[in-house]
Amino acid sequence: AQTVTQSQPEMSVQEAETVTLSCTYDTSESDYYLFWYKQPPSRQMILVIRQEAYKQQNATENRFSVNFQKAAKSFSLKISDSQLGDAAMYFCAYRSAWCNDMRFGAGTRLTVKP
Amino acid sequence: GAVVSQHPSWVICKSGTSVKIECRSLDFQATTMFWYRQFPKQSLMLMATSNEGSKATYEQGVEKDKFLINHASLTLSTLTVTSAHPEDSSFYICSVTSPLPWTGWVDPYNEQFFGPGTRLTVL
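Which chain is which? The protein sequence lines are C and V, in order. Just so we're aligned, residue 905 is where the first sequence starts under my numbering, counting upward by one. Just so we're aligned, residue -16 is where the second sequence starts under my numbering, counting upward by one.
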């Protein structure tokens, strides 16, 4: 079974600075998809960014970018120019190309200091 | 993005009662819905995959007789927690993925749209 590990339970960043959240996963599959979701205090899950495993180019979405290292099974999220609204729980998730369900990491709580 | 609603948003019940939670896909027909459970300060754990018109697929360790799932239509899936106990208190979240037009096939790259969740408190 696939597992997703987020080794940082909590992270803190100063407003306008850059922070990187780490995520590693374990799988024997070659085709899969990786996601970062944000869960603010409202508990509503919001997609931040996603990456297809067969694409070597790292995905970017405005201030959010990933460092995808397929061989190392690593999928870190970089948040540039951090804003107060970025404060939330961030979950890394894995989805097989052949299954619909999604596996989540334990999450990283990000605090943004003004 | 898709709109997914859950009802109720918060329910408090006595131990031993059954609680039904609804998940609705408001703007597309969802052949597949997912049910997750999230304990305080923990991650989302997949409980089951709900398929319209067929039996749900439960994850290992999830009691199917306790967590009854009914996906009777393409826009509604229900999760019933039977004989609820305090240890069932949790946050229950459903999600859907929009299928491709005409085929009904779900692209795994598609975003999963999550409902706002239902907080269950069993006294």
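All C-beta atoms, glycine included, are put in the ideal place defined by N, C-alpha and C. All of these numbers come straight from a predicted model, not from anything done at the bench.
Inset, instruction - Indicate whether at least one CB of chain C lies closer than 8 Å to the CB of V/Phe74. - result: The sequence position of residue 74 of chain V within the second sequence is 91, counting from 1. Yes, contact with chain C.
Legend entry - Alpha-carbon spacing of C/Gln987 relative to V/Tyr75, whole angstroms: Counted from its first residue, the first sequence places residue 987 of chain C at position 83. Counted from its first residue, the second sequence places residue 75 of chain V at position 92. Distance between the alpha carbons of C/Gln987 and V/Tyr75: 29 Å.
Inset, instruction - Using a Cβ-Cβ cut-off of 8 Å, state whether C/Leu951 counts as contacting chain V. - result: In the first sequence, residue 951 of chain C corresponds to position 47, counting from 1. At least one chain V Cβ lies under 8 Å of C/Leu951.
Legend entry - For C/Gln910, the nearest candidate out of C/Arg967, C/Glu956, C/Tyr941 (CA to CA): Taking the first residue of the first sequence as 1, we reach residue 910 of chain C at position 6. Taking only the C-alpha atoms, the option nearest C/Gln910 is C/Tyr941.
Inset, instruction - State the start and end residues of the unbroken beta strand (DSSP E) segment that holds C/Ala975. - result: Stepping through the first sequence from its first residue, residue 975 of chain C is reached at position 71. If you look at C/Ala975, you'll find it isn't in any beta strand (DSSP E); DSSP assigns it neither H nor E.
Legend entry - Exposed unless 16 or more other CB atoms sit within 10 angstroms - verdict on V/Trp(-7): Along the second sequence, one-based indexing puts residue -7 of chain V at 10. Exposed, because fewer than 16 other Cβ atoms sit within 10 Å of the Cβ of V/Trp(-7).
Inset, instruction - Please name the residue, chosen from C/Ser932, C/Tyr936, C/Leu925, that lies closest to C/Ala1001 on a Cα-to-Cα basis. - result: As a working note, residue 1001 of chain C is residue 97 in the first sequence. Taking only the C-alpha atoms, the option nearest C/Ala1001 is C/Tyr936.
Legend entry - Straight-line Cα distance separating C/Phe972 from V/Phe17: Residue numbering aside, residue 17 of chain V sits at position 34 when the second sequence is read from its first letter. Residue numbering aside, residue 972 of chain C sits at position 68 when the first sequence is read from its first letter. The C-alpha of V/Phe17 lies about 27 Å from the C-alpha of C/Phe972.
Legend entry - Close Cβ partners of C/Gly1011 (< 7 Å) along its chain, the five nearest in sequence each way excluded: In the first sequence, the residue the question calls residue 1011 of chain C occupies position 107. Cβ neighbours of C/Gly1011 beyond the five flanking positions: Gln910, Met993, Tyr994, Phe995.
Legend entry - 6 Å CB neighbourhood of V/Lys49 in its chain, flanking five on each side removed: Taking the second sequence and counting its residues from 1, one reaches residue 49 of chain V at position 66. Result list for V/Lys49: Thr65, in chain order.
Legend entry - Option nearest V/Val105 by Cα separation, candidates V/Val(-13), V/Gly44, V/Lys3, V/Val(-14): Within the second sequence, residue 105 of chain V is the residue found at index 122, counting from 1. Nearest option by C-alpha distance: V/Lys3.
Inset, instruction - For C/Ala997, I'd like the list of residues in its chain whose CB is within less than 8 Å of its CB, leaving aside the five on either flank, ordered along the chain. - result: For the purposes of this step, residue 997 of chain C is identified with residue 93 of the first sequence, where counting begins at 1. Result list for C/Ala997: Val908, Leu938, Phe939, Trp940, Tyr941, Met1006, Arg1007, Phe1008, Gly1009, in chain order.
Inset, instruction - Report yes if the C-beta distance between V/Leu57 and V/Glu35 is below 8 Å; otherwise report no. - result: Counted from its first residue, the second sequence places residue 57 of chain V at position 74. Counted from its first residue, the second sequence places residue 35 of chain V at position 52. Their beta carbons are under 8 Å apart, which means V/Leu57 touches V/Glu35 by this criterion.
Inset, instruction - Compare the Cα-Cα distances from C/Ser934 to each of C/Ala957, C/Ser969, C/Ala991, C/Asn962 and report the closest residue. - result: On the first sequence, position 30 is the one that residue 934 of chain C refers to. Ranking C/Ala957, C/Ser969, C/Ala991, C/Asn962 by Cα distance to C/Ser934 puts C/Ala957 first.
Legend entry - Whole-angstrom distance between C/Gly989 and C/Lys982, CA atom to CA atom: The residue labelled residue 982 of chain C in the question sits at position 78 within the first sequence. The residue labelled residue 989 of chain C in the question sits at position 85 within the first sequence. Cα to Cα, the separation comes out at about 15 Å.
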